[in-house]
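In terms of numbering that gives the first Met the number 0, the sequence shown opens at residue 0 and continues consecutively.
All C-beta atoms, glycine included, are put in the ideal place defined by N, C-alpha and C.
Here is the structure we will look at, set down as structure tokens.
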Amino acid sequence: MAEHLTPPLLCKSLADDTRARIALLIAREGELCVCELVCALGESQPKISRHLAQLRSSGLLADRRQGQWVFYRLHPDLPDWVHDLLRLMLDSNRHWLSPETTRLAAMGERPARSAACC
0 MAEHLTPPLL CKSLADDTRA RIALLIAREG ELCVCELVCA LGESQPKISR
50 HLAQLRSSGL LADRRQGQWV FYRLHPDLPD WVHDLLRLML DSNRHWLSPE
100 TTRLAAMGER PARSAACC
């Protein structure tokens, strides 16, 4: 699905504030689980999961299960232009994500990733 990601589809996927924050947090961190996103964004688990499903169906994100955790990362088959655009957005708007990154950094008991995850 990621190979079919077009500029209009990417823009639609990121047009929602919550989805844009999720995508940029994941681009910044490499991989996050639902509980980390709930903490960082201060939103309910059902809302975060709904937005993650939309990002996954657009081809922007991929997921993997590790025990009880489901981790999300940028889809490994994304075209370079998508990575470049997300990096530019992230580098140019770090202040916009500052509250979320602060909450994420302060989160206790974050789930451990397996050594083979990234």
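Could you pull out every residue in the same chain whose Cβ sits closer than 7 Å to the Cβ of residue i, ignoring the five residues on either side in sequence?
i: Leu13; result: Ala19, Ala22
Is it the case that the Cβ atoms of residue i and residue j are separated by a distance below 7 Å?
i: His82; j: Ala61; result: no
i: Ala39; j: Leu103; result: yes
i: Trp80; j: Pro110; result: no
i: His50; j: Thr5; result: no
i: Ile47; j: Val37; result: yes
Along the chain, where does the beta strand (DSSP E) that runs through residue i open and close?
i: Leu64; result: According to the sequence displayed, residue 64 carries Arg and not Leu. Looking at the DSSP string, the run of the beta strand (DSSP E) that includes Arg64 is 60 to 65.
i: Arg72; result: 68 to 73
Taking residue i as part of the alpha helix (DSSP H), name the residues at either end of that continuous run.
i: Trp95; result: Here Trp95 belongs to no alpha helix (DSSP H), and DSSP marks it neither H nor E.
i: Arg20; result: 16 to 28
i: Arg86; result: 79 to 91
i: Ala39; result: 33 to 40
i: Pro6; result: 6 to 13
i: Ala120; result: Examination of residue 120 is not possible in this model, given that the chain is present from 0 through 117 alone.
Using a 10 Å radius around the Cβ and a threshold of 16 neighbouring Cβ atoms, would you call residue i buried or exposed?
i: Gly29; result: exposed
i: His3; result: exposed
i: His94; result: exposed
i: Arg108; result: The sequence as given places Glu at residue 108; Arg does not occur at that position. Classification of Glu108: exposed, given that the 10 Å Cβ count is below 16.
i: Leu87; result: exposed
i: Cys116; result: Per-residue confidence for Cys116 stands at a pLDDT of 41, beneath the threshold of 50, marking its modelled position as unreliable; no derived number is given.
i: Ser56; result: exposed
Compare the C-alpha of residue i against each of the options and name the closest.
i: Gln53; options: Leu9, Pro110, Arg102, Ala111; result: Leu9
i: Tyr71; options: Ala39, Leu96, Leu59; result: Leu59
i: Thr100; options: Thr17, Gly107, Glu42, Arg27; result: Arg27
i: Gln65; options: Cys32, Lys11, Leu4, Pro7; result: Cys32
i: Met106; options: Pro7, Cys34, Lys11, Asp15; result: Cys34
I'd like the list of long-range same chain contacts for residue i, defined as Cβ closer than 6 Å, with 5 residues on each side in sequence excluded.
i: Arg63; result: Phe70
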